[in-house]
Amino acid sequence: MTRKESASLPASQMCTSSSSPGKTGAVNRQDIDASRAGRARDMVVSGGVNIYPAEVEKALFSLPGIEDCAAFGIPDPEFGEALVAVVVGDRLDGEALRGELRKAIASYKVPRHIVSVARLERDPSGKIRKHVLRENYLVQAQES
Numbered sequence: 057m058t059r060k061e062s063a064s065l066p067a068s069q070m071c072t073s074s075s076s077p078g079k080t081g082a083v084n085r086q087d088i089d090a091s092r093a094g095r096a097r098d099m100v101v102s103g104g105v106n107i108y109p110a111e112v113e114k115a116l117f118s119l120p121g122i123e124d125c126a127a128f129g130i131p132d133p134e135f136g137e138a139l140v141a142v143v144v145g146d147r148l149d150g151e152a153l154r155g156e157l158r159k160a161i162a163s164y165k166v167p168r169h170i171v172s173v174a175r176l177e178r179d180p181s182g183k184i185r186k187h188v189l190r191e192n193y194l195v196q197a198q199e200s
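Put into structure tokens, the structure is as follows:
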């Protein structure tokens, strides 16, 4: 099952536990769709509000033309952290994507920066290497 397929599972097939983060670091939310919020270490705190990258990724996957994506936080002098999304797909216009996302999620959850790449770096087990994406983004931001 791909990440995009799992993001669109009906609520009856999603984890509904509301337990606190344990050894796995998984954070679950008990709400209308009982969706998984992600891992505690992935949470981005921007301007004092918690943003779960998994929720932003789910919204990105719902947009046409997005084949794969990852969201993560970077240091921000004004807000503490800022959200960045890296996308793979046909839709290359970051501002258009931000506009579409504002219709699906709260405006404070919309990534401040959206970058398009040919593919996402993955480890041998197929997981996205977000720490590598973050490091590459920060290096490129310093160079420009």
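Heads up: take any position in the sequence shown, counting from 1, add 56, and you land on the numbering used here.
All C-beta atoms, glycine included, are put in the ideal place defined by N, C-alpha and C.
These figures come from a predicted structure and were not determined experimentally.
Check                                                                                                                                    : Outcome
Give the list of continuous beta strand (DSSP E) stretches no shorter than 3 residues that lie fully inside the region 106-173.          : 122-132, 136-145, 169-172
Provide the residue(s) that pair with VAL100 in DSSP beta bridges, ordered along the chain.                                              : ILE107
By Cβ distance, which residues of its chain are closer than 6 Å to ALA197, with the 5 residues on each side in sequence left out?        : none
Over what stretch of residues does the alpha helix (DSSP H) that includes PHE199 continue unbroken?                                      : Per the sequence shown, residue 199 should be read as Glu rather than Phe. Looking at the DSSP string, the run of the alpha helix (DSSP H) that includes GLU199 is 186-199.
Would you list the one or two residues that DSSP bridges to ARG178?                                                                      : ILE184
Would you call ASP89 buried or exposed, if buried means 16 or more other Cβ atoms sit within 10 Å of its Cβ?                             : With a pLDDT of 42 at ASP89, under the threshold of 50, the modelled position of this residue cannot be trusted; read the value that follows with caution. Exposed, by the Cβ-count rule.
Let me make sure I understand the geometry here. Which of PRO133, VAL140, ILE161, ARG178 has the alpha-carbon closest to that of SER118? : ILE161
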